[in-house]
Amino acid sequence: MFYEPHKKNHGLAKSPFNSLIIPRPIGWISSIDNQGVFNLAPYSFFNAVCYQPPTVMFSAGVGSGSDGMKDTLRNIEANGEFVCNLATWENREQMNKTSANVPADADEIELAGLTAIASKLISVPRIAEAPVHLECRYIKSVDIPTGEKAGKFVMVLGEVIGVHIRDELITADGLIDVAKMRPIGRLGYDDYTCVNGDSIFSMERPT
Ligand SMILES: Cc1cc2nc3c(=O)[nH]c(=O)nc-3n(C[C@H](O)[C@H](O)[C@H](O)COP(=O)(O)O)c2cc1C
Numbered sequence: 001m002f003y004e005p006h007k008k009n010h011g012l013a014k015s016p017f018n019s020l021i022i023p024r025p026i027g028w029i030s031s032i033d034n035q036g037v038f039n040l041a042p043y044s045f046f047n048a049v050c051y052q053p054p055t056v057m058f059s060a061g062v063g064s065g066s067d068g069m070k071d072t073l074r075n076i077e078a079n080g081e082f083v084c085n086l087a088t089w090e091n092r093e094q095m096n097k098t099s100a101n102v103p104a105d106a107d108e109i110e111l112a113g114l115t116a117i118a119s120k121l122i123s124v125p126r127i128a129e130a131p132v133h134l135e136c137r138y139i140k141s142v143d144i145p146t147g148e149k150a151g152k153f154v155m156v157l158g159e160v161i162g163v164h165i166r167d168e169l170i171t172a173d174g175l176i177d178v179a180k181m182r183p184i185g186r187l188g189y190d191d192y193t194c195v196n197g198d199s200i201f202s203m204e205r206p207t
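First residue of the sequence shown: 1, per full-length UniProt numbering; consecutive thereafter.
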């Protein structure tokens with residue numbers, strides 16, 4: 001089959017787009033608002049952008065607030081800091097809970113029964129239940145051009161200025177034990193995948 005997304009002519013039960021660029025890592029992003037209220041939400045339009053400086057991106061769609069922004073985007077643009085917490089098999093249910101649409105003054109860390117712990121370099125907290133935390137400094141936002149009124153996405157770029165890794169996930173050889181870490185990724189629909197010992201394979205690059 002062939003379809004043109006702007007014509008919405010795929011003829012399928014649901015748009016297949018989210019089921020084709022998979023699995024997507026999940027940035028479980030904590031931020032803080034001007035009143036000091038903590039915020040936490042998962043974003044799977046999320047990825048690493050480059051090594052130098054280590055940079056990540058995520059993109060936020062329309063939020064339910066009167067300004068049309070998701071809380072995460074509003075907080076980061078206002079305060080310039082955020083943390084990407086790693087979503088794993090162990091914390092998957094709590095990660096999902098924090099995607100609920102709650103008022104901006106609700107603390108999703110508390111609502112999901114999670115533990116906020118201080119970061120080293122920024123004022124935004126990390127989530128103790130996540131084994132990896134990337135402390136990020138906001139670089140800039142990029143509006144994604146859209147031909148439609150609804151559905152505006154904004155991409156946020158952030159520099160990773162501090163990295164926390166749970167010690168037990170580092171092997172004696174100084175590598176990350178990804179099979180033990182069990183990160184989860186987003187597929188389409190309500191589906192996810194989990195990286196574990198069975199799903200990892202290695203290939204050497206040609207010289
Ligand atoms: C696994 C997962 C991935 C998500 N990815 C995104 C995303 O990339 N962009 C987005 O705008 N919303 C995404 N959402 C929905 C947001 O998490 C949800 O709208 C949340 O309420 C936003 O919270 P906030 O307003 O506190 O930022 C995702 C939800 C889940 C469960």
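The beta carbon of each residue, even a glycine, is placed where N, CA and C say it ideally should be.
Does the distance from the C-beta atom of residue i to that of residue j stay below 7 Å?
| i | j | result |
| --- | --- | --- |
| V124 | S66 | no |
| V138 | G80 | Reading off the sequence shown, one finds Tyr at residue 138, where the question assumed Val. Yes, the Cβ-Cβ distance between Y138 and G80 is below 7 Å. |
| E110 | T98 | no |
| T88 | R182 | yes |
| I29 | C84 | yes |
| G61 | F153 | yes |
| S44 | G188 | no |
| R24 | R186 | yes |
| G147 | L121 | no |
Please classify residue i as buried or exposed, where buried requires at least 16 other C-beta atoms within 10 Å of its C-beta.
| i | result |
| --- | --- |
| L175 | exposed |
| L73 | buried |
| C136 | buried |
| A78 | exposed |
| Q52 | exposed |
| I200 | exposed |
| K70 | buried |
| N34 | exposed |
| R205 | exposed |
| L86 | buried |
| M1 | exposed |
| S119 | buried |
| N9 | exposed |
| M203 | exposed |
| N91 | buried |
| I144 | exposed |
So if DSSP puts residue i in a beta bridge, which residue, or which two residues, is it bridged to?
| i | result |
| --- | --- |
| H133 | N85, H164 |
| S66 | Partner(s): none; S66 has no beta bridge. |
| A48 | V56 |
| F38 | I32 |
| P25 | G185 |
| R126 | I117 |
| Y3 | None; Y3 has no bridge partner. |
| T193 | G185 |
Less than 6 Å between C-beta atoms, sequence neighbours within five positions excluded: which residues of the same chain meet that for residue i?
| i | result |
| --- | --- |
| E159 | P53, T55, R137, I139 |
| P177 | It is Asp, not Pro, that sits at residue 177 in the sequence shown. Excluding sequence neighbours, D177 sits near L169, T171. |
| A128 | T115, I117 |
| G27 | Y43, F46, F58, C84 |
| L40 | S30, T98, E108, I109 |
| M95 | W28, P42, A87 |
Grab me the residues of residue i's own chain with a C-beta within less than 7 Å of its C-beta, minus the 5 sequence neighbours each way, in chain order.
| i | result |
| --- | --- |
| L164 | Rather than Leu, the amino acid found at residue 164 in this sequence is His. Excluding residues within five positions, the ones whose Cβ falls inside 7 Å are R126, V132, H133. |
Given residue i, which residues of its chain have a CB within under 8 Å of its CB, disregarding the five upstream and five downstream residues?
| i | result |
| --- | --- |
| V49 | T55, V56, M57, L157 |
**Request:** At 4 residues or longer, and completely inside the stretch 139-187: list those alpha helix (DSSP H) runs for me, N to C.
**Result:** 178-181
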